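Numbering (my numbering), first residue to last: 69 to 206.
We put the beta carbon where it would ideally sit given N, CA and C, even for glycine.
In this text the structure is predicted, and so the values were computed from the model without any measurement.
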Amino acid sequence: MNLLKQIKKHEGFKSSVYKCTEGYDTIGYGFAVKDLVIDEDIADLILMRKLKRLLEQIIATFSWFKDSPEDVKFVVTNMCYQIGVNGFSKFKKTIYLLETEQYKDASEEMLDSKWARSDSPGRAKELSKIIAKVKSRQ
69 MNLLKQIKKH EGFKSSVYKC TEGYDTIGYG FAVKDLVIDE DIADLILMRK LKRLLEQIIA
129 TFSWFKDSPE DVKFVVTNMC YQIGVNGFSK FKKTIYLLET EQYKDASEEM LDSKWARSDS
189 PGRAKELSKI IAKVKSRQ
């Protein structure tokens, strides 16, 4: 048996964080989070897989998303990445305005939130500007 197979067998694989026998947050094949150092290429792979799953969740949650303009998809996905689909779901007025292609109003509504005022003002302004420039197809 080679070393890789043996370690995999003894450690087991866990796709989400758990507490190891020493009490440390751990993931994967016994990777203690406190000791993790991640190379950018590995982080890029993780990000791509995470975005793929996130897009599937967004499409399943918002029926209007799939047919939206690319810039709307970009902004919604960016917001959902940061605050989660559940967090984004709380932006009821913004979602309605995006769904009904009232992009100028949606861009303003995005800024009327704790997210824009204190959590991520720079990100919120940048994403709001993108939505403000989207043209309605109606």
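ask   = Looking only at DSSP bridge pairs, what is residue 82 linked to?
value = 96
key: Exposure of residue 81, with buried meaning 16 or more beta-carbon neighbours within 10 Å   = exposed
ask   = Are the beta-carbon atoms of residue 113 and residue 148 separated by less than 8 Å?
value = no
inquiry  = Just to check my reading of the structure: residue 171 and residue 204 have Cβ atoms closer than 8 Å, yes? What is that Cβ distance to the nearest angstrom?
reply    = 6 Å
message = Quick test of the definition: if touching needs 3 or more C-beta pairs under 8 Å, does the region 179-192 touch the region 106-120?
response = no
ask   = Under the three-state reduction of DSSP, which class applies to residue 158: helix, strand or coil?
value = coil
message = Please tell me whether residue 125 and residue 153 are closer than 8 Å, where the distance is taken between their beta carbons.
response = yes
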